[in-house]
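Just so you know, the sequences run in chain order A and B. Just so you know, my numbering puts 54 at position 54 of the first sequence, and the rest follows in order with no gaps. Just so you know, my numbering puts 48 at position 48 of the second sequence, and the rest follows in order with no gaps. Don't be surprised by glycine CBs; every beta carbon is placed ideally from N, CA and C.
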Amino acid sequence: MPEEQANKTIITLLLLTMVVTLSGTFIVLTRLGDMSSQGLGGITGMAKSDIGYAKIFIADVLAIDVPANNDTIDFGNCTPPTTTNTNVTISSEMTEGEVNATGGGIGFGGCTGSNIPAAIVILNTGNVPAIVNVSTDALGPNVMTSTRAEIYYKTTNGAINPGCGGAGDLVANWDLFDATGTDFRACDNLTSGESSNTFYFWINLTLPNDAATTSRSNATLTFQAYNQP
Amino acid sequence: MKHLFLFFCISLLIPAVIAVGISPPQYKIEFKPGEVRTFSHTVLNSRDQPTTVRINITGGLAKYITTDTETLEVPANGAKSFSYTWHAPDDLTPGWSKANIRVLDGAAGGGGMFGIAVGVVGNLRVFRPYPEKYVEGVLIVPSVNEGEDVSYEARLSSRGEDDIEDANLEIVFQAVDGDKITTVKHGNIDIPSMEEIKIQDVLDADLFDSGMYIAMAKLDYDEVLYLNRTFNVGTYNVEIINNTDTLYAGRISPVQVDIRNLWNGELTDVYATVNINGRLHQSHEKNLKKFAEDSLTVFVDDQTLILGDVVKGTIAVHFADKMVEKKVSFKVIDKPVPETEEPETSLITTLATSTTTYLILAVILLIILNIVLLRKRK
């Protein structure tokens, strides 16, 4: 009989243990639910929020590019006028074979260029707007060895992805390079973004009849992008 | 003839992009006498080959800056950093001063008369407070639509050495035609030196009908600062500003309709129609950004118009489910001849065409004659 009694006790204790364990589990899980709703889920390892956040810092970049194949204006071989004290005007806007009305040169302004019209293409490849200036280290008389030789430039918006603000931000009329090492404005507001980041740079040369036939020197045109204040 | 074999060529020896970048492009700091501080920039090279850039520091603050880096080798499609040190003097001119940090791509050089170099110019900007009291500010009043409250914000920055104490701000809101709407006042404003505060509030929508307004602020802090800002209260409508008032007799006539969006939001698929003699002519569709002006062109093809008549019609502008109408009178005129039109060219073209026709006819006639002759031989 005691043996039977002991078995009953053991079974009772076992059932009691199961009840306590299950009740405890239920209570703990309920409390965990309450804690997470109070924002304390973190201490249990639960996510505090339904939304996850990732932070990224994108730095400002000021950058300009002159793409390959858009860095050349090739006027070819040029024939100056033969009349004393006359000049011929050669513009990169002219077309191959175009005769200059004012110059007296042969072909387009006396030159045999093959890829005219052509402009230097300047792109803003950064992520902030830029002010772009251009400078030269040599003037017309140095480059073409004649006191009457001149180098002019102007800028227009890109036919594709135009990015130089409004008309007032460009140099619409031919402007003379009359000083070396000086910043000349090219575009006052070149925006960034792939669809609006481009402007064109055109060249115009005044080639006098007394330009030297063999000697010439090089000039470097430097395009510099400034951060907008 | 003297030949000048100048190879007028603007080109690079290297057939690749010329490119350079700098990050960050600018540092802005406040002046602290005697401060020694180091700044760094990263130079970016997006070319497919390494490049050497030259670094040059110029400008009014250049004499207070030292760097060991005059050139920098930047790897292909890579970046490299350099730094410089700012040694603040004991004093500086009030306001902003700066030094330019020039980074020039060393790839200058050309295959002909010109070479190209590119550069980027970063800068260090240092602000030295103005003597005594000085405030700079901006007034912000966003445009709204009718029925919406008008919010405003005045951002006031004390840029002087002395604190601003007990200043008063008064903002007058009025229509651009001069009708005063309301005046708001904010008193006891304190702005510590070199700090910025924002004064914000909201005005009830009932005060404003649709139209253009101006907010004019006056800050009194021993000195006086004036600020102003225009803003619109929009209405869901389009205004016809102007239109063509002539039509061509016996020709297609373009009628230009200038319009303005009066809504503080974009209107899509806006088009115009012109109704003349019961016939409707329609323009293409356009989207109109908020408060923007644009033009629509309607081509009127009415062969019944008689020169010298005045024809009554209606111009309508359609958007969403709305329509704005304007009654107009069109004077029927002869189409002006463009200045560039050259009748001589047309004559030459006509003659050339006739000659070609005659030649073709002659050839056909000769072939027929040949066939007839051959048959006769047989």
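Is residue i close to the ligand MN? I mean its beta-carbon at under 8 Å from any heavy atom of the ligand.
i      : result
A/T222 : Absent from the structure shown: the ligand MN. Ligands present: none.
Which residues in the same chain have their Cβ closer than 6 Å to the Cβ of residue i, if we skip the five residues on either side of it in sequence?
i      : result
A/Y226 : I131
B/T85  : T38, T66
B/D301 : I252
A/K8   : none
B/A292 : N261
B/V255 : T244, V274, V298, V300
B/R128 : F31, L92, P94
B/L227 : G137, L139, A217
Can you tell which of the options has the C-alpha that lies nearest to the C-alpha of residue i?
i      : options                        : result
B/M216 : B/K180, B/Y248, B/K198         : B/K180
B/T182 : B/I197, B/D204, B/D162         : B/D204
B/V121 : A/I27, A/L22, A/Q224           : A/Q224
B/V118 : A/S135, A/I58, A/P208          : A/S135
B/Y130 : B/T93, B/K290, B/V138, B/L369  : B/T93
B/D321 : B/I368, B/K286, B/V270         : B/V270
B/D309 : B/E170, B/Y248, B/N45          : B/Y248
A/I234 : B/L139, B/N123, B/F114         : The requested residue 234 of chain A does not occur in the structure, where chain A is confined to residues 1 to 229.
A/T86  : A/N133, A/F57, A/A211, A/G52   : A/A211
A/F177 : A/K154, A/S195, A/G165         : A/K154
A/A172 : A/N161, A/K55, A/N157, A/T180  : A/N157
A/I151 : A/N161, A/P162, A/G163, A/A138 : A/A138
B/K327 : B/I240, B/A362, B/G265         : B/I240
A/C164 : A/T25, A/V128, A/S146          : A/V128
B/A175 : B/I101, B/Y221, B/D294, B/I214 : B/I214
B/N264 : B/D90, B/G211, B/L305          : B/G211
A/V205 : A/E93, A/I51, A/P162           : One point to set straight first is that residue 205 of chain A is Leu, not Val, in the sequence displayed. Ranking A/E93, A/I51, A/P162 by Cα distance to A/L205 puts A/E93 first.
Just to make sure I have the definition right: I need the residues of chain A whose C-beta is within less than 9 Å of the C-beta of residue i. Which are they?
i      : result
B/E46  : The amino acid at residue 46 of chain B is misidentified as Glu; the sequence shows Ser. Per Cβ cutoff of 9 Å: A63, D65, T125.
B/L104 : T222, Q224
Closer than 8 Å by beta-carbon distance: list the chain A residues that pair up with residue i, in chain order.
i      : result
B/I22  : V61, L62, A63
B/A292 : Ordered by position in chain A, no residue passes the 8 Å Cβ test against B/A292, which lies about 15 Å from the chain.
Return helix, strand or coil for residue i, following the three-state DSSP convention.
i      : result
A/G103 : With a pLDDT of 47 at A/G103, under the threshold of 50, the modelled position of that residue is not reliable, and no figure is offered here.
A/F26  : helix
A/T12  : helix
B/L12  : Since pLDDT at B/L12 reaches only 35, below the 50 mark, its modelled position is unreliable, and no value is offered.
A/K55  : coil
B/Q49  : coil
A/G41  : Note on A/G41: pLDDT 48, under 50, position unreliable in the model; the coordinate value appears next. Reduced to three states, the DSSP call for A/G41 is helix.
B/A167 : strand
B/V328 : strand
A/P141 : helix
B/V172 : strand
B/R159 : coil
B/T357 : helix
A/A172 : coil
B/L61  : coil
B/D201 : strand
B/E239 : strand
A/Q5   : helix
B/V43  : strand
B/L296 : strand
B/M323 : strand
A/M18  : helix
B/V372 : helix
B/A79  : strand
B/I306 : coil
B/V141 : coil
B/L92  : coil
Mind pulling the chain A residues with CB within less than 7 Å of residue i?
i      : result
B/N123 : N227
B/Q26  : N227
B/L92  : Correct list: empty, because the minimum Cβ distance to chain A is about 18 Å.
Here's a check: name, in chain order, each residue in its chain whose Cβ is nearer than 8 Å to the Cβ of residue i, leaving out the five neighbours to either side.
i      : result
B/A395 : Any answer about residue 395 of chain B is impossible in this case: the structure gives chain B only from 1 up to 378.
B/T246 : S253, F330, K331, V332, I333
B/F82  : S40, H41, V43, I55, T67, T69, L72
B/N287 : E266, L267, T268, D269, V270
B/G278 : none
Could you tell me which chain B residues have their CB closer than 8 Å to the CB of residue i, listed as they occur along the chain?
i      : result
A/L221 : I10, F114, G115, I116, A117
A/V128 : P25
Within the same chain, show all residues whose beta-carbon is closer than 7 Å to that of residue i, passing over the 5 residues directly before and after it, in chain order.
i      : result
A/G104 : Only weak support is given to the placement of A/G104: the predicted model assigns it a pLDDT of 46, under 50, and the question is left unresolved by the model.
### Query
Any contact of the segment 310-317 of chain B with the segment 264-278 of chain B, i.e. 3+ C-beta pairs under 8 Å?
yes
#### Entry: Segment contact, 8 Å Cβ cut-off, at least three pairs: the segment 137-144 of chain A with the segment 183-199 of chain A
no
### Query
Touch check for the segment 147-163 of chain B and the segment 189-200 of chain B: three-plus C-beta pairs under 8 Å?
yes
### Query
Touching or not, the segment 141-151 of chain B and the segment 226-235 of chain B, by the rule of three or more beta carbon pairs under 8 Å?
yes
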